[in-house]
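First the structure, in the form of structure tokens, and then the observations on it.
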Amino acid sequence: LYRALQGDWMYTDATRNVPFLDNHDMSRFYSVIGEDFAKYKMGIAWLLTLRGTPQLYYGTEVLMKNFSDPDGKVREDFPGGFAGDKTNYFVNRPGQAGEAFDYVSKLANYRKAHPVLSSGKLMQFIPQDGVYTYFRYNDAGECVMVIANNTKDEKTVDGTRFAERTGGFSSGTEVVSGASISDLKTLKVPAHTAWVVELRK
């Protein structure tokens, strides 16, 4: 992802790009990542906080899966809404499907309510020790930090390396969980976790 975003300079306006995790011509994202729910949440966090207009393929929000062999397998009907469907995800989303839906819903609604994610600038930092961090910010003083630990261990991250973006902010709130981040200089990020943090002064 870091290398892909490095190429933004090649576009006249990279904010017009449409990032996506999967579509009707590709294997579904949840299958590609081996049905790893932690990786799924990381992918969704990136998708819904990147510059551009995110494209979410139907069913990704409820963990629909399959490989595109043939393509028809990734174009199956959404569960529910049709006579004879055993499961109706319009009404009830049990287990991880429900957790996935809630996660997507929370981040999508946050993005909708905070223009800093839909139209703000982006600054990323070189990944270090398996942790990748970028910021969305604007001239109005809003700033959101996205930090992802893609390793199997908790990582203690030196937040001072992000001073160019965190300067003037003293704390933050993780958008999905509501957890308070009181120290931006030392960040303890759990294994296989992405945080979306609204910075506060």
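Okay, so the sequence shown: first residue is 35 according to our numbering, each after it adds one. Every residue, glycine too, gets a C-beta built ideally from N, C-alpha and C.
| Check | Outcome |
| --- | --- |
| N-terminal and C-terminal residue of the beta strand (DSSP E) that GLN158 is part of | 155–162 |
| Cβ pair LEU221, SER205 closer than 9 Å | no |
| Contact between the segment 84–97 and the segment 134–152 (3+ Cβ pairs under 8 Å) | yes |
| GLU232 versus ALA213 - alpha carbon distance | 11 Å |
| Cβ neighbour criterion (16 or more within 10 Å) applied to GLY160 | Here residue 160 is Ile; the residue named in the question, Gly, does not match the sequence. Its Cβ having fewer than 16 others within 10 Å, ILE160 is exposed. |
| CA-to-CA distance, THR87 to LYS75, given in whole angstroms | 18 Å |
| In DSSP terms, what ASN183 is bridged to | VAL165, THR227 |
| DSSP three-state assignment for TYR171, whether helix, strand or coil | strand |
| Alpha helix (DSSP H) segments (min. 4 residues) lying fully within the segment 102–150 | 129–147 |
| Cβ shell of ASN172 (< 8 Å), same chain only, five flanking positions each side left out | PRO149, VAL150, SER153, GLY154, LYS155 |
| Rounded distance between the beta-carbons of TYR91 and ASP59, thought under 8 Å | With 8 Å as the limit, ASP59 and TYR91 do not qualify as a contact, their Cβ atoms being about 10 Å apart. |
| Residue range of the unbroken beta strand (DSSP E) whose run includes GLU208 | 205–208 |
| Which of helix, strand or coil DSSP assigns to ASP70 | coil |
| Residues that DSSP places opposite PHE54 in a beta bridge | GLN89 |
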